[in-house]
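One point on numbering: in this note's numbering, the residue at position 289 of the sequence shown is 288, and numbering is uninterrupted.
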Amino acid sequence: MQDAEIRQYKKMTETPVGKLILELGLPTTISMLITNIYNMADTFYVSKISITASGATGIVFALMAVLQAFGFMFGHGAGSNISRLLGAKETVRAKIFTSTSVFLALLTGILIGTFGLMFPDPFMRALGSTDTILKDAKIYGGFILISGSAMTVGCVLNNILRYEGEAAFAMAGLCTGGILNMLLDPVLIFQCDMGIAGAGLSTAVSQYISTGILLLPFLRKKTVTEISFRYVTKEISDVGNIILTGLPSLARQGLNSISTAVLNLQAAMFGDAAVAAMSIAGRCGNLLFSFALGIAQGFQPICAFNYGAGKKERVKKAVWVTMLLGIGIMGVLCAVCDFLAPEIIVLFREEKSVLSAGVGAFRWMCRTLFLLPVSAVGSMLFQSIGKKGRSLFIAALQSGLISIPLMFLLPGYFGISGIWSAQPLSYLAAGIVTIPVLMIFFREQREKF
0 MQDAEIRQYK
10 KMTETPVGKL
20 ILELGLPTTI
30 SMLITNIYNM
40 ADTFYVSKIS
50 ITASGATGIV
60 FALMAVLQAF
70 GFMFGHGAGS
80 NISRLLGAKE
90 TVRAKIFTST
100 SVFLALLTGI
110 LIGTFGLMFP
120 DPFMRALGST
130 DTILKDAKIY
140 GGFILISGSA
150 MTVGCVLNNI
160 LRYEGEAAFA
170 MAGLCTGGIL
180 NMLLDPVLIF
190 QCDMGIAGAG
200 LSTAVSQYIS
210 TGILLLPFLR
220 KKTVTEISFR
230 YVTKEISDVG
240 NIILTGLPSL
250 ARQGLNSIST
260 AVLNLQAAMF
270 GDAAVAAMSI
280 AGRCGNLLFS
290 FALGIAQGFQ
300 PICAFNYGAG
310 KKERVKKAVW
320 VTMLLGIGIM
330 GVLCAVCDFL
340 APEIIVLFRE
350 EKSVLSAGVG
360 AFRWMCRTLF
370 LLPVSAVGSM
380 LFQSIGKKGR
390 SLFIAALQSG
400 LISIPLMFLL
410 PGYFGISGIW
420 SAQPLSYLAA
430 GIVTIPVLMI
440 FFREQREKF
């Protein structure tokens, strides 16, 4: 294990920054793409059942975002500390954060799943379900709640592997689950005639298998850190550290979930077709989102590890390389998707009402998402080096602090277009605000850098 630690230290602190960003960012981006593709596959296949079933995918997406919010909070909260501790060669402390975060995620997933299964009607309504969508949302959501602990633990394992610099292991687990889900969906939904229950069962099975694969490197001692009851902390300060460091991720995911629920509730005023359109456009937008977030998440372990090792110049260089790379890639992808928006949305539903709203919503996203790497990199920089307040502020701006009020305000003036423009406007505002925040930080750190 000592040799593994030395090899990992040299890799993270001596590999050229640009090469390391691509090495860690590419598997992370592929993982996120596969995850979003199988989410889109659910939407695609379920959309073939009915408009109400299509609308239910938007409700369940909000539920999955809630579970992932806690998973990412524990995963990023522990991962940031783990990477900095490994950079500082404090391996035993790193193991404590690994084990503690996994068991916290397991407990949280069980609690959310139990609560949702006990009170399904109010739970689904709180996520934006209408009366007509409720039945499908409860069926689909029930399977997600059953797999809630696998989803939260999987998020933690994925992030710990990334923060250790083992993005390839993380990719293997997520991609296997995603591909399995895409294969099972048409079989269970149509060939087994299970309908929307088949989509839910497919997702639940794939989540458990994916989490099992992510666990294997720890069980086979292929990682520097370990998962064991003996390493679970007895210090409340360690738990507090994980939660506070991961709070920007909870805000990012949690506000995304609340934002999705509010979007569903506001879109419901325009009928089930509008909810379905927002769900489809949201899934398509998240596929683009995954490129920006994947690159930024590949940057996180580089930032945290080198900050812990005292190599601050590498941190600064990684920020600008990642940001410029992300903007360039996103700019090209967003331009292509903007041009092809009608052809993309019609793949899911052909109704004129769904198509019109879905294309408008997706194009708004395409015209602002290219700026997402700015706020994503800024938030993840501050989270990775333990600057919790600034990370939380940027994450909140990006994910809901602006978009949620706009969803209530704009429809009164612009109708349904006011709903779909709210989230893209928040991406634009977050990017504009992040630049001066970064410049102030680098000026403060000039002597160190």
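The C-beta atom is built at its ideal place from N, Cα and C for all residues, glycine as well. Here the structure is a predicted model, which means the values were calculated and not measured.
Enclosing alpha helix (DSSP H) for Lys18 [first to last residue]: 16–46
Determine the DSSP secondary structure at Val238, reduced to helix, strand or coil. helix
Inspect the beta-carbon positions of Thr99 and Val231 and report whether they are closer than 9 Å. yes
Between the CA atoms of Gly199 and Lys137 - distance to the nearest angstrom: 10 Å
What are the boundary residues of the alpha helix (DSSP H) that Glu443 is part of? 421–443
Can you list, in chain order, the residues of its chain whose CB lies under 8 Å from that of Tyr44, leaving out five sequence neighbours each side? Asp184, Pro185, Ile188, Phe189, Ala198
Can you list, in chain order, the residues of its chain whose CB lies under 8 Å from that of Phe60, leaving out five sequence neighbours each side? Asn38, Thr259, Ser278, Gly281, Arg282
How many angstroms separate the CA atom of Met0 from the CA atom of Ile33? Any reading at Met0 is ruled out, since the residue's pLDDT is 48, under 50, leaving its predicted position unreliable.
With a threshold of 16 other CB atoms inside 10 Å of the CB of Trp449, please say whether the residue is buried or exposed. Residue 449 is absent from the model: the chain starts at 0 and stops at 448.
Spatially closest choice to Gly172 from Met150, Leu243, Thr131, by CA coordinates: Met150
DSSP state of Lys134 mapped onto helix, strand, coil: helix
Do Ala340 and Val358 have their C-beta atoms within less than 9 Å of each other? yes
Simplified DSSP assignment, three categories, for Met72: helix
Assuming contact is defined by CB atoms lying nearer than 9 Å, are Met170 and Ile29 in contact in what I supplied? yes
Kindly indicate which three-state DSSP category Phe369 falls into: helix, strand or coil? helix
Using the beta-carbon count (16 or more within 10 Å), is Gln444 buried or exposed? exposed
Is the beta carbon of Asn263 sitting closer than 9 Å to the one on Ile95? no
Would you identify the three-state DSSP class for Thr175, choosing helix, strand or coil? helix
Who are the Cβ neighbours of Thr14 in its own chain at under 8 Å, not counting the five residues just before and after it? Glu22
Any idea if Gly17 is buried or exposed, counting beta-carbon neighbours within 10 angstroms, 16 or more meaning buried? exposed
Three-state secondary structure assigned by DSSP to Leu405: helix
Buried versus exposed, by CB contacts within 10 Å (16 or more), Ala428: buried
Apart from the five residues just before and just after Val345, which ones in its own chain have a Cβ nearer than 7 Å to its Cβ? Leu354
Please tell me whether Arg389 and Gly377 are closer than 9 Å, where the distance is taken between their beta carbons. yes
Close beta carbons around Trp363, own chain, < 6 Å, minus the five adjacent residues each side: Trp419, Ser420, Pro423
Who are the Cβ neighbours of Phe448 in its own chain at under 7 Å, not counting the five residues just before and after it? Here Phe448 scores only 47 on pLDDT, less than 50, and its place in the model should not be relied on; the value that follows carries that caveat. Answer for Phe448: Lys311, Glu312, Lys315, Phe441, listed in chain order.
For Ile242 and Leu133, what's the separation of their Cα atoms in angstroms? 33 Å
Suppose the cutoff is 6 Å on Cβ atoms and the five residues either side in sequence are ignored; what does the same chain contact list for Ala303 look like? Ser79, Ser82, Arg83, Ser383
When you compare each of Ser256, Phe288, Phe269, Val373 to Pro410 by their alpha carbons, which one comes out closest? Phe269
According to the neighbour-count rule (16 or more other Cβ atoms, all chains shown, within 10 Å of its Cβ), is Arg229 buried or exposed? exposed
Between Ser425 and Ile401, is the Cβ-Cβ spacing less than 9 Å? yes
Identify whether Asp337 lies in helix, strand or coil by the three-state DSSP scheme. helix
Contacting residues, own chain, Cβ-Cβ under 7 Å from Asn157 (five flanking each side not counted): Gly74, Ala169, Gly172, Leu173, Leu213
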